[in-house]
Structure formats: C-alpha cells, structure tokens
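Below you'll find the structure, written out as structure tokens, and then a few comments.
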Amino acid sequence: MEILMIFVCGILTSISVYLILSKSLIRIVIGTTLLSHAANLFLITMGSLRDGAVPIYDKHTSDYVDPIPQALILTAIVISFAVTAFFLVLAFRSYKELGTDNVEKMKGVPQDDD
C-alpha cells in the first residue's frame, strides 16, 4: 500500500509543479494547495500505513500507531489552509487592482517583439 501512495504523491507533486509554473494566478494558488496535500500524504505514508491500537502506553499493548506524523499533518493542514486563504485574497486583490490574473502582464515590462 505504501508503494501505491508514494506513486500518488509523485503524481500529485508533478501536477502541482506544472500548475505552479503556469501564468495564471489562480492556477498557481491551486498548485500550491495541491503541493501541500501531496506533502501531507507523503508524511502520513512515511509514518507507515498499518493498523494498531490507540497510542496509550499500557502493559498489554504491544502494537500501536505512532501519533507524531498525525500531529505533524494536523499542524500542516491548518498552516496550509491559512496560506491558501492568504493567497486567494492576494490574488483577488491583485485582480481588482490590475484587471488581470496573468503573471506576465503584472510585471509591467513591455512585451518583446521577438
């Protein structure tokens, strides 16, 4: 199962890099969000996908799930939500001010005639 999840992480990462390298601001925001989801999936996969008991120490519990990757993922989800909200507000404000979401037109550099 871990091998399948690693391939899914690779596919998500490649799609997100493609979106981040595009010229549209909304596609860049979607790409960064997708990249954070791929990183979260990668972290939870590296924490091992196995069944186990609640991570409470007991004399009779020998097989339990490690809670550290789950805590890291929860923190990363909250941070990525805040960053995505900030990026969306920034993209909306720049669209209202400049009238475009094309990054090439936002630079203020005249187009080359080449």
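No gaps in the numbering here: position 55 of the sequence shown is 55 in the UniProt record's numbering, and each next residue is one more. Note that beta-carbon positions come from the ideal geometry of N, C-alpha and C, so glycine has one too. Every value quoted in this text rests on a predicted model; they were computed, and no experiment measured them.
Distance between residue 91 and residue 48, taken at the CA atoms: about 37 Å. Its Cα nearest to that of residue 77, the residue 36 stands out among 32, 36 and 5.
Judged by pairs of C-beta atoms under 8 Å, the region 12 to 20 does not touch the region 95 to 110, as fewer than three such pairs exist. In the DSSP assignment, residue 40 forms no beta bridge with any residue. A check of alpha carbon separations from residue 104 across 9, 21 and 6 identifies 21 as the nearest. Scanning its chain for C-beta atoms nearer than 8 Å, with the 5 sequence neighbours on each side dropped, one finds around residue 70 the residues 44 and 47, in chain order. With fewer than 16 other Cβ atoms inside 10 Å of its own Cβ, residue 74 counts as exposed. The shortest CA-to-CA distance from residue 34 to any of 24, 9 and 25 is the one to 9. Its Cα nearest to that of residue 81, the residue 40 stands out among 106, 40 and 23. A straight line joining the alpha-carbon of residue 31 with that of residue 42 spans about 16 Å.
Counting along the chain, residue 95 sits inside the alpha helix (DSSP H) bounded by residues 67 to 98.
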